[in-house]
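Presented below is the structure to which this report refers.
Number of protein chains: 2
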Amino acid sequence: MLQATENLIAYASLGAVAPEYHIFARPPAALKLESGETLGPVTLAYETYGSLNQDKSNAILICHALSGDAHAAGIHDGEGNPGWWDDMIGPGKAFDTKRYFIICANVIGGCKGSTGPSSVDPQTGKPYALAFPFITIADMVNAQRDLIDHLGIGKLLCVAGGSMGGMQTLQWASSYPERVRAAIPIATALKHSPQQIAFNEVVRQAIMADPDWRGGNYYAYGQPEKGLAVARMIGHITFMSDQSMEEKFSRRLKSGKFSFKFDADFEVEGYLRYRGDSFVKRFDANSYLYITKAMDYFDLSGARLIQTGKVCPTRFLVISFASDWLYPSSQSQEIVRSLKRHQVDATYCELKSTYGHDAFLVEIAEQTNLIRHFLDRTQNGNGKKS
Amino acid sequence: MLQATENLIAYASLGAVAPEYHIFARPPAALKLESGETLGPVTLAYETYGSLNQDKSNAILICHALSGDAHAAGIHDGEGNPGWWDDMIGPGKAFDTKRYFIICANVIGGCKGSTGPSSVDPQTGKPYALAFPFITIADMVNAQRDLIDHLGIGKLLCVAGGSMGGMQTLQWASSYPERVRAAIPIATALKHSPQQIAFNEVVRQAIMADPDWRGGNYYAYGQPEKGLAVARMIGHITFMSDQSMEEKFSRRLKSGKFSFKFDADFEVEGYLRYRGDSFVKRFDANSYLYITKAMDYFDLSGARLIQTGKVCPTRFLVISFASDWLYPSSQSQEIVRSLKRHQVDATYCELKSTYGHDAFLVEIAEQTNLIRHFLDRTQNGNGKKS
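So the protein sequences, as listed, match chains A and B.
So that you can map any letter, position 140 of the first sequence is 140 in my numbering, and since no number is skipped, the others follow by simple counting.
Numbers in my numbering are just positions in the second sequence, counted from 1, shifted up by 386.
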């Protein structure tokens, strides 16, 4: 079974893919935001894989994490890297493009084709920078809903995602339960704990402490590279587990001996510096600020996930990973308790893994088995509710 | 019993105390360092509490953590704050000054009176800055040994400390086993894991990313305040536990509602900013760099704690705290396994606490009971080995 699964994980098996752009909320219309402000026009960059069937009942929306984008699978022409969840999306994979029509959109507030703080403000002809309005996870989902409407899809077969993608998944089921048949929130939470807020706050402080951040108006000068690199290094520590760091680096030295300088002596230091430096080339610092704040504000605890007295038709598969200390299993169990209290059909699985929070990106075989079966039952089996 | 202990924890019960200074390694002599470099002259700032008995058998050396100093107990004239372990040191307390003579010295590399990167280099008449040689935990201990010699103490009754203080404690037993009757390493490790190195590396990068750091030559201009504040914020997250943050802050908002700005919305954000800002007023950025590197280099695993074939006469009390995820109990258990493999007399206790790594500073009653009994047995009881 494992062998069979692994054979399916062919590299970029979808081949070449390309983003598309959905533009909406053109003035005088605008997207109303939770803050009370508005945003428009709004561009959503998105990709699709597979084909929408005739009754439009096989659409699955994949939601990305903090630094993700619409490029979830396949490869872009001229670029070597496959999408961020390529192992999970493609013919025969967990999200099987022979059966399902997969959609992934860059969130608003992002910097990979969707409208965000680095986009040009039509009012000024310059990047929004901090004039960009605050956005929430619910705002991201509302923008995605416009895309789903545009694609003519009344009901999504499934919404799925890990980390912040899991927050969007939960938000979809909360905001539009009648439009989501199944939801797969992975390695996520109903709300950030103070520790999660604290890590995000330090990340923001690291960016804003860099004088090159210039109060957000750095676009004519270049990124606040040092601050953003430090921010990303903090992130990477929280994405890995103590054990995965031990397996990957232990205390191995880069040059076999101590430098007695402030160089990167240990391999783990070199790795973090590399990850920090490469991040500044691909991600907008202001987007990092806006998106981390959206995650901190997110709170579907209490009666916010399922409104009291309402029947939620969505069925859930909740997945967490044993070594994930950033979004610990206890937070996934809280999601499940909240669902069960409201008589929602929910399955929970904690997967063994040493990869920490990164596990949702790398533990392919086990997730594939769970998700394939769950989607199968949702579409064809006794899980069919509507 | 608990009540009795708590009654003993009177605030600054030692009253007014003052630091003393031991100056040694005057040229042409010098302190030889592990790096191969030398340092001299060396000043050690230290404080003592209680009285040395006639046969000089009641001396206890307390070692401080990363940002600690020689002021472990009592109060300095004109200052309101008691020493960092005042609850543990004083008449009737765990380290009972009616019975024991307590010594605490600021480490070399520090910035609270001992020679460190902010000290004036006699060669140039200016602060050392990065011309200060690299120091290790063993170098810190060698400097302390000179102080102990100066005080005429042949054998310490005990060496004790938490976190980096625990590393020094272990190093004492490794370097000078015949001079240490008992050792109490608390919330510490034989070596830093890659995750611990990673956190320290991000801390260093945050400091060095600040242009006000000026390659270490900031003394004429002022501290790299923003970078150092970010560094300390990272530290504070790791010192607390998820649970203690939940108990202290939960998701409480500072002003009752979201700001929809990059302000500190949550109380935990305000707390971290406050701790970061106050740290820059009291601690030298270069000292933070040097001392974190010393911690990362520290490694007494394998046969380095107790040399193979040697008999270690020191008896150990090893303490860890259940919610400490920075120095998890597994690392203390590794210390104990290493001791037991060499037939060393070792007692281990994991204390229940929600305070995370900070527990060694705040869990007074339980530590007091353990330590008082252990010292008693070392001095008078069946633990007497020499």
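Think of the CB as a built atom: it goes at the ideal place given N, C-alpha and C, for glycine as much as any other residue.
Reference residue i, options the options, closest by Cα
i              : options                           : result
residue 642(B) : 653(B), 540(B), 522(B) and 520(B) : 653(B)
residue 163(A) : 360(A), 38(A) and 366(A)          : 360(A)
residue 59(A)  : 117(A), 151(A) and 214(A)         : 151(A)
residue 178(A) : 187(A), 157(A) and 188(A)         : 157(A)
residue 439(B) : 463(B), 484(B), 661(B) and 474(B) : 484(B)
residue 535(B) : 477(B), 515(B), 723(B) and 442(B) : 442(B)
residue 77(A)  : 87(A), 14(A), 380(A) and 331(A)   : 14(A)
residue 205(A) : 228(A), 195(A) and 187(A)         : 228(A)
residue 418(B) : 475(B), 468(B) and 527(B)         : 527(B)
residue 520(B) : 36(A), 244(A) and 258(A)          : 258(A)
residue 632(B) : 437(B), 709(B), 450(B) and 408(B) : 709(B)
residue 655(B) : 428(B), 639(B), 664(B) and 670(B) : 639(B)
residue 740(B) : 626(B), 465(B) and 572(B)         : 626(B)
residue 691(B) : 500(B), 486(B) and 569(B)         : 569(B)
residue 742(B) : 566(B), 657(B), 634(B) and 628(B) : 628(B)
Distance between residue j and residue i (C-alpha atoms, nearest Å)
i              : j              : result
residue 584(B) : residue 344(A) : 41 angstroms
residue 287(A) : residue 118(A) : 7 angstroms
residue 116(A) : residue 231(A) : 19 angstroms
residue 749(B) : residue 62(A)  : 47 angstroms
residue 392(A) : residue 593(B) : Residue 392(A) cannot be examined here, being either before or after the span of chain A that is shown, 1 to 386.
residue 727(B) : residue 764(B) : 21 angstroms
residue 735(B) : residue 760(B) : 12 angstroms
residue 557(B) : residue 698(B) : 13 angstroms
residue 7(A)   : residue 72(A)  : Because residue 7(A) sits at a pLDDT of 48, beneath the cut-off of 50, its placement in the model cannot be relied upon, and the following sentence gives the value as read from the coordinates. Spanning the two alpha carbons is a distance of roughly 20 angstroms.
residue 329(A) : residue 680(B) : 35 angstroms
residue 620(B) : residue 515(B) : 23 angstroms
residue 405(B) : residue 498(B) : 10 angstroms
residue 434(B) : residue 339(A) : 60 angstroms
residue 260(A) : residue 578(B) : 17 angstroms
residue 347(A) : residue 314(A) : 12 angstroms
residue 273(A) : residue 603(B) : 23 angstroms
residue 174(A) : residue 670(B) : 49 angstroms
residue 358(A) : residue 203(A) : 18 angstroms
residue 124(A) : residue 42(A)  : 16 angstroms
residue 369(B) : residue 650(B) : Because chain B is modelled from 387 through 772, residue 369(B) falls outside the range shown and cannot be assessed.
Short Cβ contact (8 angstroms threshold) for residue i with residue j
i              : j              : result
residue 147(A) : residue 46(A)  : yes
residue 607(B) : residue 598(B) : yes
residue 705(B) : residue 480(B) : no
residue 495(B) : residue 470(B) : no
residue 219(A) : residue 122(A) : no
residue 326(A) : residue 188(A) : no
residue 82(A)  : residue 160(A) : no
residue 522(B) : residue 683(B) : yes
residue 411(B) : residue 426(B) : yes
residue 167(A) : residue 367(A) : no
residue 16(A)  : residue 75(A)  : yes
residue 27(A)  : residue 637(B) : no
residue 114(A) : residue 44(A)  : yes
residue 70(A)  : residue 105(A) : yes
residue 236(A) : residue 282(A) : no
residue 402(A) : residue 225(A) : No statement about residue 402(A) is possible, as the shown extent of chain A runs from 1 to 386 and does not include it.
Start and end residues, alpha helix (DSSP H) containing residue i
i              : result
residue 527(B) : 523–536
residue 22(A)  : Note, residue 22(A): premise wrong, no alpha helix (DSSP H); beta strand (DSSP E) at 20–24.
residue 338(A) : 329–341
residue 757(B) : 750–766
residue 194(A) : 194–208
residue 272(A) : 267–280
residue 289(A) : 285–297
residue 79(A)  : Where residue 79(A) is concerned, there is no enclosing alpha helix (DSSP H), given that its DSSP letter is neither H nor E.
N-terminal and C-terminal residue of the beta strand (DSSP E) that residue i is part of
i              : result
residue 432(B) : 428–435
residue 701(B) : 701–707
residue 160(A) : 158–162
residue 351(A) : 346–351
By the 8 angstroms beta-carbon criterion, what residues does the stretch 281–299 of chain A contribute toward chain B? 289, 293, 296, 297 and 299
Looking at chain B, which residues of the stretch 241–255 of chain A have a Cβ within less than 7 angstroms of any of its Cβ atoms? 242, 245, 246, 249, 250 and 251
Residues, ordered as in the chain, of the stretch 195–224 of chain A that lie near chain B by beta-carbon distance below 8 angstroms: 195, 197, 198, 199, 201, 202, 204, 205, 206, 208, 209, 210 and 211
In chain order, what residues of the stretch 313–324 of chain A put their CB closer than 7 angstroms to some CB of chain B? none
For the stretch 709–736 of chain B, which residues have a beta carbon sitting closer than 8 angstroms to at least one beta carbon of chain A? 711 and 714
Quick one: which residues of the stretch 135–148 of chain A get their C-beta closer than 8 angstroms to a C-beta of chain B? List them in chain order. none
What are the residues in the stretch 401–422 of chain B lying within 7 angstroms of chain A by C-beta distance? 421
Which residues, in order along the stretch 255–281 of chain A, keep a beta-carbon less than 7 angstroms from a beta-carbon of chain B? 258, 260, 262, 266, 268, 269 and 272
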